[in-house]
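Visitor: Taking full-length UniProt numbering, the leading residue of the sequence shown gets 1, the next gets one more, and so forth.
I have a structure I would like to understand better, so I am pasting it below and will then ask my questions one at a time.
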Amino acid sequence: MSELEIRGLRVSFDGFTAVDGVDLEVRAGDLRFLIGPNGAGKTTLVDAVTGLVKARGSVRFGGAELLGRSVHRIARSGIGRTFQTATVFEELTVLQNLDIAAGAGRGAWTMLRRRKAVPPEVTEALATVGLTDLADSPAGTLAHGQKQWLEIGMLLVQDVRLLLLDEPVAGMSHDEREATGELLRRISAERTVVVIEHDMDFMRSFARSVSVLHAGRVLSEGTVAQVQADPKVQEVYLGHTATEDAGDMAGQEA
Ligand SMILES: Nc1ncnc2c1ncn2[C@@H]1O[C@H](COP(=O)(O)OP(=O)(O)OP(=O)(O)O)[C@@H](O)[C@H]1O
Numbered sequence: 001m002s003e004l005e006i007r008g009l010r011v012s013f014d015g016f017t018a019v020d021g022v023d024l025e026v027r028a029g030d031l032r033f034l035i036g037p038n039g040a041g042k043t044t045l046v047d048a049v050t051g052l053v054k055a056r057g058s059v060r061f062g063g064a065e066l067l068g069r070s071v072h073r074i075a076r077s078g079i080g081r082t083f084q085t086a087t088v089f090e091e092l093t094v095l096q097n098l099d100i101a102a103g104a105g106r107g108a109w110t111m112l113r114r115r116k117a118v119p120p121e122v123t124e125a126l127a128t129v130g131l132t133d134l135a136d137s138p139a140g141t142l143a144h145g146q147k148q149w150l151e152i153g154m155l156l157v158q159d160v161r162l163l164l165l166d167e168p169v170a171g172m173s174h175d176e177r178e179a180t181g182e183l184l185r186r187i188s189a190e191r192t193v194v195v196i197e198h199d200m201d202f203m204r205s206f207a208r209s210v211s212v213l214h215a216g217r218v219l220s221e222g223t224v225a226q227v228q229a230d231p232k233v234q235e236v237y238l239g240h241t242a243t244e245d246a247g248d249m250a251g252q253e254a
């Protein structure tokens, strides 16, 4: 059974339909990339899954219907997301950020009691995202890529089963992108990862499966090779010759 099962998803804003009847299934342990031109509906789709916008249709996670649930209830059911801009507490240390995330959903009293020792899930997350040596550094002093990794770590300590990441490598250096790809591979050994991405090289290197969205619908789906070979996908990307995506999707050097 698919871990995430989306059926007939529709989101409209004042009469404009941003997500127009999307069916999408993601099996547990997948590393799925959601790609598509600007305005295709990728972020709105993730907003609908996480309860940030109202939607019609059905979104099932582990068999349970999410539509109609509050943002907090959806988060508690094991779904976490990141946004294009990292949202960490800059003045707190890396460790404190993770500690707070680990305590999310627990009472203040539990939080205070837990402070004395570093919880094992925090130690583990620090190691997974490669920030152990920077545990006591203020998050504000981290490099751009490291902040994104911290944010991913904050989802890991909450033990989310599904991570939805919005352009995690935007603005990263080549080395940071590679490190992030390896991180997502490691994470998806135990969890399910869905990545919204515009970076086609990154997608080609790390996607296990790809869904291409266009004008609020799923245009194509499959392996990287399958979607790259799909004439519908090439048409959509080559129709945007002014963007780097077009040449990228056609397999040319950017
Ligand atoms: N709150 C909103 N109110 C009105 N229109 C919106 C709203 N949010 C998104 N849209 C519109 O819905 C469409 C889909 O937007 P969305 O951000 O989901 O696309 P996207 O595929 O994530 O694009 P990008 O790759 O540029 O982030 C766009 O035309 C956008 O202008």
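A virtual CB, placed ideally from N, CA and C, is assigned to each residue, including glycine.
Quantities reported herein were computed from a predicted structural model and do not represent experimental measurements.
Scan the region 164-214 and note each continuous alpha helix (DSSP H) run of 4 residues or more that stays entirely inside, going in chain order.
Guide: DSSP runs (the alpha helix (DSSP H)) wholly in the region 164-214: 174-187, 200-206.
Visitor: Considering only the beta carbon of each residue, do threonine 82 and leucine 163 sit closer than 9 Å?
Guide: Counting from one through the sequence shown, the residue named residue 82 turns up at place 82. Counting from one through the sequence shown, the residue named residue 163 turns up at place 163. Taking 9 Å as the Cβ cut-off, threonine 82 and leucine 163 qualify as a contacting pair.
Visitor: Do the region 138-149 and the region 59-76 make contact, defined as three or more Cβ pairs closer than 8 Å?
Guide: With a cut-off of 8 Å, the region 59-76 and the region 138-149 do not count as touching, because too few Cβ pairs lie within range.
Visitor: Check whether the Cβ atoms of glycine 153 and valine 129 sit closer than 9 Å, and answer yes or no.
Guide: To locate residue 153, count along the sequence shown from 1; it is residue 153. To locate residue 129, count along the sequence shown from 1; it is residue 129. Going by C-beta atoms, glycine 153 is nearer than 9 Å to valine 129.
Visitor: At a cut-off of 8 Å, is leucine 213 close to ligand 2 when judged by its beta-carbon and the heavy atoms of the ligand?
Guide: What this structure holds is ligand 1, not ligand 2.
Visitor: Let me check you understand the geometry: is the CB of asparagine 38 closer than 8 Å to at least one non-hydrogen atom of ligand 1?
Guide: Locating residue 38 in the sequence shown gives position 38, where the first residue counts as 1. True, at least one ligand heavy atom lies under 8 Å from that Cβ.
Visitor: Just to confirm, does alanine 18 get its C-beta within under 8 Å of one of the non-hydrogen atoms of ligand 1?
Guide: Position 18 of the sequence shown holds residue 18. Result yes, Cβ under 8 Å from ligand 1.
Visitor: Let me know the secondary structure DSSP gives leucine 131 once reduced to three states.
Guide: In the sequence shown, residue 131 corresponds to position 131, counting from 1. It is coil, neither helix nor strand.
Visitor: Confirm the yes/no value for this check: CB of aspartate 30, any heavy atom of ligand 1, distance under 8 Å.
Guide: To locate residue 30, count along the sequence shown from 1; it is residue 30. The answer is no for aspartate 30.
Visitor: Taking the alpha carbon of valine 195 as the reference point, which residue from Leu9, Ala117, Val26, Gln158 has its own alpha carbon closest?
Guide: In the sequence shown, counting from the first residue as 1, residue 195 sits at position 195. Among Leu9, Ala117, Val26, Gln158, the Cα nearest to that of valine 195 belongs to Val26.
Visitor: Please report how far the alpha carbon of leucine 98 lies from the alpha carbon of valine 157, in whole angstroms.
Guide: Position 98 of the sequence shown, counting from 1, holds the residue named residue 98. Position 157 of the sequence shown, counting from 1, holds the residue named residue 157. Their Cα atoms are separated by approximately 7 Å.
Visitor: Can you tell me whether valine 194 sits near ligand 1, meaning its C-beta is under 8 Å from at least one heavy atom of the ligand?
Guide: By 1-based counting over the sequence shown, the position of residue 194 is 194. Flag unset: Cβ of valine 194 not near ligand 1.
Visitor: Between the C-alpha atoms of aspartate 20 and leucine 213, what's the straight-line distance to the nearest angstrom?
Guide: Reading the sequence shown from its first residue, position 20 is the one you call residue 20. Reading the sequence shown from its first residue, position 213 is the one you call residue 213. Straight-line Cα distance between these residues: approximately 10 Å.
Visitor: Which same chain residues, not among the five before or five after leucine 227, have their C-beta less than 6 Å away from its C-beta?
Guide: Your numbering for residue 227 matches position 227 in the sequence shown. Contrary to the premise, residue 227 reads as valine rather than leucine in this sequence. Answer for valine 227: Val210, Val212, Ser220, Val233, listed in chain order.
Visitor: Is aspartate 47 near ligand 1, going by C-beta to nearest heavy atom under 8 Å?
Guide: On the sequence shown, position 47 is the one that residue 47 refers to. Checking the Cβ of aspartate 47 against ligand 1 gives yes.
Visitor: Near valine 49, which residues of its chain fall below 6 Å by C-beta distance, leaving aside the five closest residues on each side in sequence?
Guide: In the sequence shown, the residue the question calls residue 49 occupies position 49. Cβ neighbours of valine 49 beyond the five flanking positions: Val59.
Visitor: Using CA atoms only, rank isn't needed, just tell me which of Arg161, Gln146, Lys54 is closest to glycine 171.
Guide: Translated into positions along the sequence shown, residue 171 becomes position 171. Out of Arg161, Gln146, Lys54, Gln146 has the C-alpha closest to the C-alpha of glycine 171.
Visitor: When the Cα atoms are used, what is the spatial distance from glycine 222 to aspartate 159?
Guide: Taking the first residue of the sequence shown as 1, we reach residue 222 at position 222. Taking the first residue of the sequence shown as 1, we reach residue 159 at position 159. Roughly 28 Å separates the two Cα atoms.
Visitor: Compare the C-alpha of residue 275 against each of Arg10, Gly41, Phe33 and name the closest.
Guide: The question about residue 275 has no answer here: the residues shown for the chain are numbered 1 through 254.
Visitor: Check for me: the beta strand (DSSP E) holding leucine 34 runs from which residue to which?
Guide: Walking along the sequence shown from the start, residue 34 turns up at place 34. Taken as a continuous stretch (DSSP letters only), the beta strand (DSSP E) holding leucine 34 covers 31-35.
Visitor: Examine ligand 1 and report whether any of its heavy atoms sits within less than 8 Å of the Cβ of lysine 232.
Guide: Residue numbering aside, residue 232 sits at position 232 when the sequence shown is read from its first letter. No.
Visitor: Assuming threonine 43 is part of the alpha helix (DSSP H), what are its boundary residues?
Guide: As a first step, residue 43 is located in the sequence shown; it is residue number 43 there, counting from the start. 42-49 is the span of the alpha helix (DSSP H), which, as asked, contains threonine 43.
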